[in-house]
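Chains as they are written, first to last, in the numbering used here: chain A, 4 to 120; chain B, 1019 to 1131.
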């Protein structure tokens, strides 16, 4: 069965520290998609990145970077020089190809990141 | 470009009642998915609508039902509300399914007393 595990429930850092959020996934399919979303206190899930299973290149977007490693089934997210505005719950998600063409998302439990000034 | 909108933002119901939640998809999107997020949990897939038909369903009972309209907006209906239905209900729109990025609305917070 497909599954996403975010082992870190809560992380607290001081502003300007780097922080890595871990994500491990399970799937038997060779074609799948991975996502990261940010959920601020307002509740809306904000899309951050989408990665397909055939593209293992790491990606950097400003202070955000993602490390995708199929060999360890991990898709980790690093925030460099964290800021207070980064405080939120972060979700890693797997698009379930077994659901036909729905692209149903399977979410991890989320990691709550608190960045203190 | 208009994002995903949902109404109402908050709702309080009593056990046994029925509720209807509404979602307008992002312009250019034809697929709407609904998710339930209990407090402290990740969102759980309820179902998806494409071309006004249900296109996949999660592990939710039949009292959770939905509709999609020709303008791609959607409704989620829940009958015979139970206390455990208290959650944040999120709507997401995308173009087709199958791995396309889903963009989420702000959600509707439902409290069942």
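Built from N, CA and C at the ideal position, the CB exists for glycine as well.
None of the values given here were measured: they were computed from a predicted structure.
Starting from residue 1041 of chain B, follow its DSSP beta bridges and name the residues at the other end. Answer by DSSP bridge pairing, in chain order: B:1024, B:1092.
Under 8 Å between C-beta atoms, does residue 1120 of chain B make it to chain A? With 8 Å as the cut-off, residue 1120 of chain B counts as an interface residue toward chain A.
Those residues which DSSP pairs with residue 1084 of chain B across a bridge: DSSP output for residue 1084 of chain B lists B:1094 as bridge partner(s).
Please report how far the alpha carbon of residue 1107 of chain B lies from the alpha carbon of residue 68 of chain A, in whole angstroms. So the alpha carbons of these two residues sit roughly 29 Å apart.
Over what stretch of residues does the beta strand (DSSP E) that includes residue 1075 of chain B continue unbroken? It spans 1071-1075 - the beta strand (DSSP E) in which residue 1075 of chain B sits, taken as one unbroken run.
Among B:1061, B:1049, B:1095, whose alpha-carbon lies nearest the alpha-carbon of residue 1073 of chain B? The option with the nearest alpha carbon to residue 1073 of chain B is B:1049.
Relative to the C-alpha of residue 35 of chain A, which residue among A:5, A:60, A:22, A:21 is closest? The residue from A:5, A:60, A:22, A:21 with its alpha-carbon nearest to that of residue 35 of chain A is A:5.
Compare the C-beta of residue 48 of chain A against all C-beta atoms of chain B and say whether one is closer than 8 Å. Yes - at least one Cβ of chain B is within 8 Å of the one on residue 48 of chain A.
Looking at the C-beta of residue 1063 of chain B, does it have a partner C-beta in chain A at a distance below 8 Å? Judged by the 8 Å Cβ criterion, residue 1063 of chain B is in contact with chain A.
Please confirm whether residue 108 of chain A has its beta-carbon closer than 8 Å to some beta-carbon of chain B. At a cut-off of 8 Å between beta-carbon atoms, residue 108 of chain A makes contact with chain B.
Closer than 8 Å to chain A by CB, residue 1108 of chain B: With 8 Å as the cut-off, residue 1108 of chain B counts as an interface residue toward chain A.
Anything in chain B within Cβ reach of residue 112 of chain A, meaning under 7 Å, just list it in chain order. What residue 112 of chain A touches in chain B: 1059, 1060.
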